[in-house]
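Chemist: If you scroll down you'll find the structure; I have some questions about it.
Protein chains: 2
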Amino acid sequence: MTNTDKASQPDGALFSELPSADLASRIADQVLQAIGDGRLIPGQKVTEAQLAREMGTSRAPVREALRLLESQGLIVTHPRRGFFVHSYDADELDDIYDLRECLELHAAEAAVARITDADVNRLAAQVELLKQLAHEGQIQEQVAQDYEFHRMLCALGGNMRVVRLFDQIATQLRAGIALLGRNYDDPWEIAQSHDVLIEALRHKDAARLRRELKEHLEEARFQVVALFRNDKG
Amino acid sequence: MTNTDKASQPDGALFSELPSADLASRIADQVLQAIGDGRLIPGQKVTEAQLAREMGTSRAPVREALRLLESQGLIVTHPRRGFFVHSYDADELDDIYDLRECLELHAAEAAVARITDADVNRLAAQVELLKQLAHEGQIQEQVAQDYEFHRMLCALGGNMRVVRLFDQIATQLRAGIALLGRNYDDPWEIAQSHDVLIEALRHKDAARLRRELKEHLEEARFQVVALFRNDKG
DNA sequence: CACCGCTAAACTGTCGACAATTCGACGGTC
DNA sequence: GACCGTCGAATTGTCGACAGTTTAGCGGTG
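Structure representation (C-alpha cells):
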C-alpha cells in the first residue's frame with residue numbers, strides 16, 4: 282500500500298526488499314498519510330518549498346514525491362501553478378467505482394477457474410477477521426482489511442497488472458471517502474456481506490460470484506456516491 | 282497520445298492548449314518516439330546525464346520525463362541503478378491484452394446505451410479511413426488510426442478514466458509490438474474486421490457487440506502473443 | 001463601489017555541483 | 001581457469017541557487 286515498498290507482494294520471492302531509503306518515497310508516504318487523515322484537504326495547494334522546509338529536505342525529492350502521487354491520481358498539477366490535492370466529485374467517484382467493478386468482476390471470474398481450497402480458506406479467514414474487527418470497533422483497520430480481501434480476490438485472478446490498478450483505485454477511493462469523515466455503512470453488515478462471496482467461491486460458481494460481487498460492489502458504490510452528493514450538493 | 286498535450290481530446294473545448302513549453306514533457310515525447318522506432322531497445326539502460334547532454338538540458342527535466350514514462354509503464358527503475366527501457370515478455374503482453382479486453386468490452390457495453398446515430402457514423406467513417414490507409418499502404422498510420430477507433434469507442438462509454446487507461450495500454454502495446462518489427466496481420470483484413478462492430482452498434486445490440494468485439498480483440502491478442510513467443514523463445 | 005493596472009513577494013522550472021553508491025576492469029589467490 | 005577483493009570512473013540522489021512567471025495586495029480611476 283505504501284510507496285516505500287513497491288514490491289509488497291513479491292510473487293513467491295523469499296525475502297521482501299528492505300525498506301527503501303529513498304527520500305521521495307518516504308515523502309510520498311507522508312503526504313499520502315496527510316491526505317488520508319485530513320491534514321491535507323482536497324483542493325488545497327501543496328507548495329514544494331514549504332513541504333521541503335517542513336521535512337528538512339530540498340525541493341527535488343519533494344517534487345518527485347508529488348509527481349508520483351500525481352501518477353496515482355491523488356495530486357493534480359497545473360503547470361507553472363503548482364500541485365494541488367485532487368478534489369473528487371461524486372461523478373468521479375462513480376467513475377472510479379465503475380472501473381473497479383469492471384476490473385474486480387473480471388479478476389474474480391478468472392479466479393474461479395484457478396482457485397484452490399486453500400485459497401478459499403484464506404479468503405474465508407480474512408472475512409472472519411473483518412467480523413472480528415467489526416466487533417472490536419476497529420473501523421479504520423476493518424476498512425483496510427476489507428480492501429485487502431478484495432485485493433486478494435483480484436490477485437487470484439492471476440493478472441498482476443489488474444492488481445496494481447486495484448491498488449491505485451483503492452488508494453483513490455480511500456482518499457475520496459476519507460473526507461466524508463464517516464463510514465458509509467454498518468461495519469457488521471459490511472463484514473457479513475462477504476459471506477455470500479465465499480459461498481460462491483467454494484462452489485466455484487462463476488455466475489453466482491459475478492452476480493453477488495456485483496451487488497456487493499454496487500451497494501458500496503450507491504452508498505458512497507449518495508453520501509457524497511448530499512455533502513457536496 | 283503525446284505527453285506534450287495531455288488534453289489532446291478536450292471534451293468539447295473550443296481551443297486545445299498551446300503546446301507546453303515544459304521541457305520534461307518534450308523530453309518524454311522524444312524518448313517515447315525513440316522507443317517507438319527502435320532507437321531505444323527494451324532492456325537498454327537510459328542514463329540521465331547522457332540524455333541530458335544529448336538534449337542540451339540539465340538532468341532535472343530528464344529525470345522527470347523518465348519518471349513520467351515510468352508511470353506509464355514504458356520505463357522501469359531500479360533504485361540507485363538507473364532507468365531502463367521496459368522489456369515486455371509474452372506473458373506480460375497477454376496480461377495487457379486481458380486488461381484491454383476487460384476495459385474495452387465494459388466501455389463498449391456502456392456505449393451502446395448512450396450512442397447516437399452521429400456517433401455511429403463517426404465510427405463508420407473511421408473504419409473507412411482504416412480501409413483507405415490499408416489501400417495506400419500507410420501501415421504505421423493505419424495502426425495509429427486503429428487505436429483511435431477503439432479509443433473513440435471507449436470514450437463513448439462515458440468513463441473518462443477508462444479512456445485514460447486505454448491510452449496507457451495502447452502506448453504500452455505499441456511499444457511492445459514495435460519490437461516485433463512487423464505487423465501481426467494483413468492490414469486489409471484488419472480494416473474489414475471492424476465492419477461487424479459497426480453493424481452491432483447500428484443495431485444497438487449490446488450482446489452482439491460484446492461477442493464480436495471480444496473475438497476482434499482476441500484475434501489480435503492471439504496473433505501478437507504467438508509472434509512474441511516465437512521471437513523470444 | 002466595482003474595475004483596472006502596477007509592484008513586491010512567492011513560487012515553479014531549470015541549472016550546475018557534490019557526496020554516496022554502483023559498475024567495470026584489474027590483479028591476486030586457490 | 002574460476003573466484004574474490006580492490007580501485008577508479010561513471011552514475012544516481014540530493015542540494016542550493018537563479019531566472020521567469022504567477023499571485024496577492026494596493027492604490028488609482030471611472
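If you're matching them up, the sequences are chains U and Y in order. Sequential numbering of the first sequence, starting at 282, is according to the working numbering. Sequential numbering of the second sequence, starting at 282, is according to the working numbering. For each residue, glycine too, the CB sits at the ideal point set by N, CA and C. The model shown is predicted, which means the values in this text are computed figures rather than measured ones.
Assuming Y/T452 is part of the alpha helix (DSSP H), what are its boundary residues?
Modeler: Taken as a continuous stretch (DSSP letters only), the alpha helix (DSSP H) holding Y/T452 covers 441-459.
Chemist: Which residues of chain U have a Cβ atom closer than 7 Å to the Cβ of Y/R348, listed in chain order?
Modeler: In chain order: E345, R348.
Chemist: So with Cβ pairs under 8 Å, would you call U/N440 a contact of chain Y?
Modeler: Taking Cβ atoms only, chain Y reaches closer than 8 Å to U/N440, which makes this a yes.
Chemist: Considering only their Cβ atoms, is the gap separating Y/V343 from Y/I356 smaller than 8 Å?
Modeler: Against a cut-off of 8 Å, the Cβ pair of Y/V343 and Y/I356 comes out as no contact.
Chemist: Please state whether DSSP places U/I356 in a helix, a strand or coil.
Modeler: Of the three classes helix, strand and coil, the one that applies to U/I356 here is strand, per DSSP.
Chemist: Restricting to Cα atoms, I'd like to know which of Y/H387, Y/E329, Y/S352, Y/D376 is closest to Y/A487.
Modeler: Answer by Cα proximity: Y/H387.
Chemist: Given a threshold of 16 other Cβ atoms within 10 Å of its Cβ, counted over all protein chains shown, does Y/I316 qualify as buried or as exposed?
Modeler: Per the 10 Å Cβ criterion, buried.
Chemist: With H, G and I counted as helix, E and B as strand and the rest as coil, what does DSSP make of U/R502?
Modeler: U/R502 falls in the helix class under three-state DSSP.
Chemist: Taking 8 Å as the threshold (beta carbon to beta carbon), is U/C383 in contact with chain Y?
Modeler: U/C383 counts as touching chain Y.
Chemist: Which residue from U/G439, U/R348, U/S368 puts its Cα closest to that of U/A391?
Modeler: Residue U/G439 is the option with its Cα nearest to U/A391.
Chemist: For the putative contact between U/F447 and U/E385, defined by C-beta atoms under 8 Å, what is the C-beta separation to the nearest angstrom?
Modeler: With a Cβ gap of about 7 Å, U/F447 and U/E385 count as contacting.
Chemist: Figure out for me which residue from U/E417, U/Q426, U/M441, U/I377 has the closest Cα to the Cα of U/G457.
Modeler: For U/G457, the nearest C-alpha among the options comes from U/I377.
Chemist: Hey, quick one: how far does the alpha helix (DSSP H) through Y/G363 stretch, first residue to last?
Modeler: That residue, Y/G363, is in no alpha helix (DSSP H); its beta strand (DSSP E) goes 363-366.
Chemist: Within 8 Å of any Cβ in chain Y, is that where the Cβ of U/S368 sits?
Modeler: For U/S368, the answer is no, since every Cβ of chain Y falls outside 8 Å of its Cβ.
Chemist: Using the three-state DSSP reduction, which class does Y/K495 fall into: helix, strand or coil?
Modeler: Correct three-state label for Y/K495: helix.
Chemist: Looking at the secondary structure, which residues open and close the alpha helix (DSSP H) in which Y/L411 lies?
Modeler: Taken as a continuous stretch (DSSP letters only), the alpha helix (DSSP H) holding Y/L411 covers 398-417.
Chemist: Which residues of the stretch 382-404 of chain Y have a Cβ closer than 9 Å to any Cβ of chain U? Give them in chain order.
Modeler: For the stretch 382-404 of chain Y, which is checked against every Cβ of chain U, the residues closer than 9 Å are E382, C383, L384, L386, H387, A388, A391.
Chemist: Pair every Cβ in the stretch 348-364 of chain U with every Cβ in the stretch 409-420 of chain U, then say whether three or more of these pairs are closer than 8 Å.
Modeler: Verdict: no, contact absent.
Chemist: How many Å lie between Y/L380 and U/M336 at the Cα?
Modeler: When rounded, the distance between both Cα atoms is 39 Å.
Chemist: Just to confirm my understanding: we take Y/S474, look at its own chain, exclude 5 residues before and 5 after, and list those with CB closer than 8 Å. What are they?
Modeler: Closer than 8 Å at Cβ, skipping near neighbours: H497, E500.
Chemist: Expressed to the nearest angstrom, what Euclidean distance is found between the alpha-carbon atoms of Y/D375 and U/I450?
Modeler: The alpha-carbon atoms of Y/D375 and U/I450 are separated by roughly 22 Å.
Chemist: What residues from chain Y crowd round U/S352, counting only those whose CB sits closer than 7 Å?
Modeler: Within 7 Å Cβ-Cβ: S352.
Chemist: Does the CB of Y/D486 have a neighbour CB from chain U at under 8 Å?
Modeler: Closer than 8 Å: no.
Chemist: Let me see if you follow: with CB-CB separation under 8 Å, is Y/V443 close to chain U or not?
Modeler: Chain U, which has a Cβ nearer than 8 Å to the Cβ of Y/V443, makes this yes.
Chemist: Roughly how many angstroms separate the alpha carbons of Y/D292 and Y/V444, rounded to a whole number?
Modeler: Residue confidence for Y/D292 is low, a pLDDT of 45 falling below 50, so the modelled location carries little weight and cannot support an answer.
Chemist: Which residue marks the beginning of the alpha helix (DSSP H) containing Y/R334, and which one marks its end?
Modeler: It spans 329-336 - the alpha helix (DSSP H) in which Y/R334 sits, taken as one unbroken run.
Chemist: Quick check on this structure: which residue in U/I420, U/N402, U/I479 has the alpha carbon closest to the alpha carbon of U/P468?
Modeler: The candidate whose alpha carbon is nearest that of U/P468 is U/I420.
Chemist: Which residues of chain U have a Cβ atom closer than 9 Å to the Cβ of Y/D376, listed in chain order?
Modeler: Near Y/D376 (Cβ distances below 9 Å), the residues of chain U are G439, N440, M441, R442, V443.
Chemist: Does U/D267 have its Cβ less than 8 Å from a Cβ in chain Y?
Modeler: Residue 267 of chain U falls outside the range modelled here, since chain U spans only 282 to 514, and no answer is possible.
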